[in-house]
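J.:
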Amino acid sequence: MTSIDAERFREALLDERRRVEHALATLRDEHRGSLDEEVEEIGASDNHLAETATATLGREIDYTLGENSGQVLAAIESALRRIDEGTYGTCISCGEQIRYERLEATPWASLCIDCKRKAEGG
Ligand SMILES: [Zn+2]
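Numbering of the sequence shown is given in numbering that gives the first Met the number 0, commencing with residue 0 and proceeding in unit increments.
#1: Just the residues with CB closer than 6 Å to a heavy atom of ligand 1, in chain order, which are they?
#2: Tell me where the alpha helix (DSSP H) around residue 103 begins and ends.
#3: What would DSSP say about residue 25, mapped onto helix, strand or coil?
#4: Return the first residue and the last residue of the alpha helix (DSSP H) that residue 113 is part of.
#5: Where does residue 77 land, buried or exposed, given buried means 16+ other C-beta within 10 angstroms?
#6: Once the 5 residues before and after residue 81 are set aside, which same chain residues still bring their CB inside 6 Å of it?
#7: Could you name the residues of the same chain whose beta carbon sits closer than 6 Å to that of residue 125, not counting the 5 residues immediately before and after it, in chain order?
#8: So, using beta-carbon positions, are residue 16 and residue 72 closer together than 8 Å?
#9: To the nearest angstrom, how far is the alpha carbon of residue 93 from that of residue 110?
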């Protein structure tokens with residue numbers, strides 16, 4: 000009775016996995032570069048404080064992005080597993096079918112929108 004074309008989403012998930020893996024690799028390279036720069040900045044004049052603060056803020060955002068990418072990657076892997084198991088497209092919490100529109104927007108979604116909202120405490 001399922002109307003979800005899981006194979007279609009498998010392609011989207013594999014594409015997205017490549018994209019996220021590339022983004023994570025790029026982030027790691029950038030972090031290595033900025034850490035080297037930071038070592039050289041230490042001991043520089045106070046005029047550089049504002050710039051250093053900005054650089055630090057940018058790095059924190061990058062780390063957050065990296066964390067999110069890691070979570071997305073894990074979600075993609077588990078979605079691919081669910082395609083293999085034939086359970087893709089159903090909410091792992093309540094077992095209801097996840098709306099097609101939601102899967103189109105977020106192919107690695109494992110919760111229906113109701114459970115997702117509950118999980119986020121909203
Ligand atoms: Zn649910």
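All C-beta atoms in this analysis are idealised placements derived from N, C-alpha and C, irrespective of residue type, glycine included.
T.: The answer reads as follows:
#1: 90, 92, 93, 95, 110, 111, 113, 114
#2: 99 to 104
#3: helix
#4: 112 to 118
#5: exposed
#6: 87
#7: With the chain covering 0 to 121 only, the question about residue 125 has no answer from this structure.
#8: yes
#9: 8 Å
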